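Sequential numbering of the sequence shown, starting at -9, is according to our numbering. By construction, the Cβ of each residue, glycine as well, lies at the ideal position given by its N, Cα and C atoms. All of these numbers come straight from a predicted model, not from anything done at the bench. Since the structure comes first, as structure tokens, the remarks are kept for the end.
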Amino acid sequence: MPTEPQPTTFLIADISGYTGYLASVELDHSQDILSDLLDTMVDALQPTFRLSRIEGDAAFMYRQGAELDGTLLLDTIEQCYVGFRRRRRDIHQATSCACNACIRIPDLDLKFVVHHGPALLQPVAGREELLGIDAIVVHRLTKNGVVDTLGLPAYALISQAAVAATDLDPAALGFLPHAESYDQIGDVAVWVEDLAARWQAEEDRRRVRVEPDEAIIAVSTDVPVPPPVAWDFLTRPGQRMSWQPWVTAVSVEGAVGGRRGPGSSNHCMHGQDAVIEEILDWRPYQYVTDRTILATPIGDVALLHTTELEPADEGTTIHFRFAPPDSADELAAVVGAGAAYEEALRGQLPELRAQLEAAYRALQAPLPDTPD
């Protein structure tokens, strides 16, 4: 265990409205519902974050390291919120119970607070505790004026210190600037994302996916890591060269506010040649679909390409699928290259599995002791 404070990203996922809900409902059913929703939240936040402890109706999570990929941070928060909303809806629709605890499930919502700063993991009374002023700051930030000032019941509040540890531009992403002030701490600058609006956008967004029966190239492999780990590895461009030796460089263009997703594109260099991947659909932990632009003897040809993650008993099944191009001439132009790519891709699957296993071990392992 590190003996010196380590850079740490703190995250608190807090069920809002629970105190008022608890005051007017049956205790036995309310506790079952709370336990179910907390399990849903923690499962969605791990393994990107580790659980420090459950604090009543909130989960206190952390991740140590000087930097955190901003896209991964937002994907993790938003998918946790989407999972919470869906689970809340499912519980409400599935129950036939007429008690207040079940009827009032829609009163519950979720908020997130994220902060970054040094912290020490210290054994206290048989458990590990996060010690340091910033562990206090993140808890103070749960008591804020976002609902009263901005009118947002469901939100992610991210401190400027946390933003600085990422590559995000929150203003470009449409986040709202805000500030809180606390005794003995002072002013804390923060940015706020409207999660209810994000939920609605998720529900309305058109799906684009290559189905198995549409594919002209289909390669699958089982890996012993959970979907979030596979997702982060496969969608972070810098990882591509570690298991696809024909890729010599990857750059990202069009990432609004530093966030990868629909509208951004990967420019993959294969020696002197470039392959452009325009991201069309981005469903964290489920699938990502891009339009891959290939240079052929008859000109540029566009292929839809989906990478899908299917949860499995021992980890994740990864599916790579390409749909055929629109015309017969284009199909004839890519069929040879497609067969060669499929063979090369299959040949690199053992290296992909090895890289994913190493990434998962690194994520689970404690940080080494800091040298004196």
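Mark residue i as exposed unless 16 or more other C-beta atoms lie within 10 angstroms of its C-beta, in which case mark it buried.
i, result
"Pro361", "Caution is warranted here: a pLDDT of 42 is assigned to Pro361, below 50, making its placement in the model unreliable, and no coordinate value can be reported."
"Ser241", "exposed"
"Val153", "buried"
"Val114", "exposed"
"Asp124", "buried"
"Ser317", "exposed"
"His260", "exposed"
"Ser149", "buried"
"Glu267", "buried"
"Gln83", "exposed"
Using 8 Å as the threshold, is the C-beta distance between residue i and residue j below it?
i, j, result
"Phe364", "Leu335", "No statement about residue 364 is possible, as the shown extent of the chain runs from -9 to 362 and does not include it."
"Val137", "Val103", "no"
"Gln338", "Trp233", "yes"
"Ala374", "Ile67", "Given that the chain is displayed from residue -9 to residue 362, the structure contains no residue 374 and the question cannot be resolved."
"Thr306", "Val278", "no"
"Ala151", "Lys101", "no"
"Leu131", "Val182", "no"
"Pro214", "Tyr275", "no"
"Trp189", "Val72", "yes"
For residue i, name the three-state secondary structure that DSSP assigns.
i, result
"Trp189", "helix"
"Ala3", "strand"
"Ser210", "strand"
"Ile67", "helix"
"Ser232", "helix"
"Thr61", "helix"
"Arg351", "helix"
"Glu300", "strand"
"Phe310", "strand"
"Val215", "coil"
"Pro(-5)", "coil"
"Arg226", "coil"
"Gly305", "strand"
"Ser255", "strand"
"Gln83", "helix"
"Arg249", "coil"
* To do: Decide yes or no for the touch test of the stretch 315 to 329 against the stretch 287 to 304: beta carbon pairs closer than 8 Å, at least 3 of them.
  => Three or more beta-carbon pairs separated by less than 8 Å link the stretch 315 to 329 to the stretch 287 to 304, which places the two stretches in contact.
* Asked: Taking the runs of the beta strand (DSSP E) that are 3 residues or longer, which of them lie wholly in the stretch 260 to 296?
  -> Within the stretch 260 to 296, the complete beta strand (DSSP E) segments of 3 residues or longer fall at 263 to 273 and 277 to 286, listed in chain order.
* Can at least three beta-carbon pairs, one atom from the stretch 31 to 47 and one from the stretch 60 to 79, be found at a separation below 8 Å? -> A contact exists between the stretch 31 to 47 and the stretch 60 to 79.
* To do: Output the residue ranges of the beta strand (DSSP E) runs that lie fully inside the stretch 89 to 115 and measure 3 residues or longer, sorted by chain position.
  => Within the stretch 89 to 115, the beta strand (DSSP E) runs of at least 3 residues that lie entirely inside it are, in chain order, 99 to 114.
* Sufficient close CB pairs (3 or more, under 8 Å) joining the stretch 73 to 84 to the stretch 44 to 56 -> By the Cβ criterion, the stretch 73 to 84 is not in contact with the stretch 44 to 56, since fewer than three pairs of Cβ atoms, one from each stretch, lie closer than 8 Å.
* Tell me, please, whether the stretch 205 to 223 touches the stretch 342 to 353 by the rule of three or more beta-carbon pairs shorter than 8 Å. => Contact holds: three or more Cβ-Cβ distances are below 8 Å.
* Asked: At what residue ranges does the stretch 136 to 209 contain a whole run of the beta strand (DSSP E), taking only runs of 3 or more?
  -> Fully enclosed beta strand (DSSP E) runs of 3 or longer: 145 to 149, 166 to 172 and 176 to 184.
* Asked: Should the stretch 241 to 258 be called in touch with the stretch 166 to 184, which here means at least 3 C-beta pairs below 8 Å?
  -> In this structure the stretch 241 to 258 does not touch the stretch 166 to 184; the number of beta carbon pairs closer than 8 Å is below three.
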